[in-house]
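**Q** Below are the structure tokens for one structure; questions will follow.
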Amino acid sequence: AYTYVYTVFGELIAWVLGWSLVSEYMFSVSSVATSWSAYFQNILAGFGWRLPVFLRAAPGTASVPGGRFDLIAFLIVMIISVLLLGGVHESARVNTAMVVLKIAVILLFIGVAIFYVKPANYHPFMPFGVGGVFKGAALAFYAYVGFDAVSSAAEEVKRPQRDMPIGISMSLVIASILYITLATVLVGIVKYTKLNVADPVAFALQYLHLTNLSGIISLGAIVGMTTVLLVMSYGGTRLIFAISRDGLLSNRLHKLSPKTHVPVSNTILFGLFAAIFAAFIPISLVSELVNIGTLFAFALVSLGVVFLRRNPAFAHAKAAFHVPLYPYLPILSFILCVGLMLMLQVFTWVAFVIWQAVGLSIYAMYGYRHSHARRNLEQNYRD
């Protein structure tokens, strides 16, 4: 998305979008790490092991009032960063194995839990009306951000023009089917009012007194979220790599290790900040910060489709994939993204504005002066 918007709108808008995407990836890792921690602690509790209360969750976590520092969330993010430092190929093999196991566990939950569904739990079907549906969509949107991470590997794909659209589309379709099916079964076995916890699937099975299965599902959830942590951490570091390569961030952030071909400083810095956010910010706040940054980025990309197709330089370019239902689909996408952003809390907007202010300050003090595009333009002018 960053490179795409850079091509369509230029450097400044690309920086704003890129900075938003940095928040998307970083806070996504933090939020998933928080859930990972909750499921892992659920498994530990099954063996009678419990951390001190102040190390169980971030401050402000509703389900753990005494939480001060989420130790498990902090550690898992740092472990993921170390794994990525080992090189993308090793991480990819681990990721593939975990994805297969994750899907198997999801199907196991659906196959067992569907027999415990109570139709009464679906009434009322929309307890908060249509407005509640859109507010819920704005909050749940971060669950879909992973499909965008597929594009971060474009430079390492042999045939990106063909493979990237297929990979993005299929990941979105498959994930949507699994999300909808699992959510339908989940709220069918336990009333939605009881699911305001960090580990809802395990909680639902414990509610049904399926303790053994709850442990298996918790393990599967941990495996599944580990793949998400890998993908989002990888995507975040590759995004920062691209921004740094354009001169908008320090050159150190795109220098590769000669042995593993991994941006070491970049990976360590990204992991450290994501781990700190996971340890100190509750998931309810982190998830909204993910959503507003992602929705803003997707809104710009949708608008970019219209601008790109109207640009004479690109209007007749040959491409393996064209957006269907143009211009209606990208315009509708833009409207929906902005609409969902307006559903988020005032605090989220304040945090978003502060984040962008910090980003623009970095661009003004460093990025603008070190921009490769600007330097090339000045050199051409002098020539």
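Position 76, counted from 1, in the sequence shown is what the numbering used here calls 1059; the numbers after and before it change by one each time, with no gaps.
Backbone N, C-alpha and C define an ideal beta-carbon position, used for all residues, glycine too.
1) Would you kindly work out how many angstroms separate the C-alpha atoms of Met1208 and Ile1160, rounded to a whole number?
2) If you check the beta carbons only, do Val1060 and Ala1258 fall under 8 Å apart?
3) Whole alpha helix (DSSP H) runs in the stretch 1065–1121 with 4 or more residues, listed along the chain?
4) Starting from the C-beta of Leu1191, find all residues in its chain whose C-beta is less than 6 Å away, skip the five residues before and the five after it, and write them out in chain order.
5) Spell out the partners DSSP gives Leu1000 in its beta bridges.
6) Taking 8 Å as the threshold (C-beta atoms), are Val1082 and Val1284 in contact?
7) Going by C-alpha to C-alpha distance, which of Val1156, Gln1144, Arg1357 sits closest to Tyr1127?
8) Quick check on this structure: which residue in Thr990, Glu1007, Val991 has the alpha carbon closest to the alpha carbon of Phe1279?
9) How big is the Cα-Cα spacing for Leu1323 and Ala1121?
10) Determine, using beta carbons only, whether Phe1335 and Gly1276 come nearer to each other than 8 Å.
11) In the DSSP assignment, find the unbroken alpha helix (DSSP H) run with Ala1261 in it and report its ends.
12) Please state whether DSSP places Leu1165 in a helix, a strand or coil.
13) Should Gly1031 be labelled buried (16 or more other beta-carbon atoms within 10 Å of its own) or exposed?
14) When you compare only the Cα positions, how much space is there between Leu1239 and Ala1356?
15) Tell me which residues share the same chain as Val991 and place their Cβ nearer than 6 Å to its Cβ, disregarding the 5 neighbours each side in the sequence.
16) Where Tyr1175 and Gly1198 are concerned, what is the direct C-alpha to C-alpha distance, given to the nearest angstrom?
**A** Based on what the coordinates show:
1) So the alpha carbons of these two residues sit roughly 18 Å apart.
2) Contact flag set, yes.
3) Within the stretch 1065–1121, the complete alpha helix (DSSP H) runs of at least 4 residues are 1071–1096.
4) Answer for Leu1191: Tyr1099, listed in chain order.
5) Paired residues: none, contrary to the question.
6) For the pair Val1284 and Val1082, the CB atoms are not nearer than the 8 Å cut-off.
7) Nearest of Val1156, Gln1144, Arg1357 to Tyr1127, Cα basis: Val1156.
8) Taking each of Thr990, Glu1007, Val991 in turn and checking the Cα distance to Phe1279, the smallest one comes out for Glu1007.
9) The alpha-carbon atoms of Leu1323 and Ala1121 are separated by roughly 5 Å.
10) Their beta carbons are under 8 Å apart, which means Phe1335 touches Gly1276 by this criterion.
11) Unbroken alpha helix (DSSP H) run through Ala1261: 1247–1263.
12) Residue state, collapsed to three classes: helix.
13) Gly1031 is exposed by the Cβ-count criterion.
14) Approximately 22 Å, taken between the alpha carbons.
15) These residues qualify, in order along the chain: Gly1287, Phe1290, Leu1291.
16) Tyr1175 and Gly1198: Cα-Cα distance of roughly 21 Å.
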